[in-house]
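A short worksheet on the structure shown next.
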Amino acid sequence: MFIEGKIKNYNSERGFGFICTADESEDIFFHIKDFPSWHIKPNMGEQLKFRVVEEQGKFKASDIVRLDLKPEDDYSLMEQHSFVYQTIPISEKVILPKKSVSRLKYMILFMLILVTGLGFVGYQKVQDYRIAKQLKAEQLIKQQKRIVEQQREALGYLPDRILSAQGRKNLDTVGYAVNAQQVSTTSSAAFEAPKLAVVQKSEPIAHFKCDGRTHCSQMRSYEEAVFFLQHCPSTEMDGNHDGEPCEKQFRR
2 MFIEGKIKNY NSERGFGFIC TADESEDIFF HIKDFPSWHI KPNMGEQLKF
52 RVVEEQGKFK ASDIVRLDLK PEDDYSLMEQ HSFVYQTIPI SEKVILPKKS
102 VSRLKYMILF MLILVTGLGF VGYQKVQDYR IAKQLKAEQL IKQQKRIVEQ
152 QREALGYLPD RILSAQGRKN LDTVGYAVNA QQVSTTSSAA FEAPKLAVVQ
202 KSEPIAHFKC DGRTHCSQMR SYEEAVFFLQ HCPSTEMDGN HDGEPCEKQF
252 RR
């Protein structure tokens, strides 16, 4: 239902105001966005017709009709505003001076040449960096090879396998020494175990003696297994006959 009222006050900066009705009841809130012809400023005492609606728990004026505003007033004001938004007709073309056109062409050509030159210089720098990196890697490889050759010349011949200090100690305990020369094998085997030469000692080993044991599981130490292999008959502790007994058991 439409009711009538007048604008009681209006805040142009914030865009809202209040309407007082004919029955002088509570003032009704309104906002400029709900006004028709909002480009025409609301005036104090202007007659309005509107509906009252509820929005977010509050009542406000909606579907507002401005009774004092005449159609010709609205049209004349819109013509004044439309003058500001007048544009150049499409039929009219903007003609640039010949000097400006030629200068623009030269600028575009210069930019193309500049971009092409920068791209070429960048590509050359990348290629130079890759070549320098490759040469440096080759020089390092050559230097390493030269150092290895110099070390080999200085140290002379070195055997492929060198017994550890513990291994030499174990062999010295039972009276054996490592034979320095190793025999090269075919491509199927990388190396052959070094042969051991028995070194006769003047004093016999008193704490080992043959007592009929023949297997690795019966040996208490690697030294004892070596003694039994070399001094006792019918032993079965050297399956590959390389002179080292019980290799798996004592991790030889």
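Take any residue in the sequence shown, note its place counting from 1, add 1, and you have its number in my numbering.
Backbone N, C-alpha and C fix where the C-beta goes; we use that ideal spot for every residue, glycine too.
query	result
Which of helix, strand or coil DSSP assigns to Q57	coil
Top-ranked residue by Cα proximity to E47, from L115, F228, F60, T22	T22
As assigned by DSSP and simplified to three states, the class of C247	coil
Chain D contact for Q125 (CB, 8 angstroms cutoff)	Among the chains in the structure shown there is no chain D, since it carries only a single protein chain.
Cα-Cα separation, F60 to I41	24 angstroms
Residue(s) in a DSSP beta bridge with A62	V53
Close beta carbons around S13, own chain, < 7 angstroms, minus the five adjacent residues each side	K42
Secondary structure of V184, DSSP reduced to three states	The predicted model places V184 with a pLDDT of 39, which falls under 50 and marks its position as unreliable, so this point remains unresolved.
K63 and D35 closer than 8 angstroms at C-beta	The sequence given here has Ser at residue 63, not Lys. Contact: yes.
Cβ separation of R214 and F229, assumed to be a contact under 8 angstroms, to the nearest whole Å	7 angstroms
Under 8 angstroms between C-beta atoms of K50 and F17	no
Continuous beta strand (DSSP E) stretch holding H32: start and end	29-32
Sequence-distant residues of the same chain with beta carbon closer than 6 angstroms to C233, five excluded per side	C211
Exposure of T187, with buried meaning 16 or more beta-carbon neighbours within 10 Å	Residue confidence is low: T187 scores 42 on pLDDT, short of 50, so the model does not pin down where it sits. No coordinate-derived value is stated.
Supposed contact pair D28 and K7 - C-beta distance, whole angstroms, cut 8 angstroms	Not really, about 10 angstroms apart at Cβ, beyond 8 angstroms.
Reference E224, options E56, K137, E248, closest by Cα	E248
DSSP-derived helix/strand/coil call for F228	helix
Terminal residues of the beta strand (DSSP E) in which G6 lies	4-12
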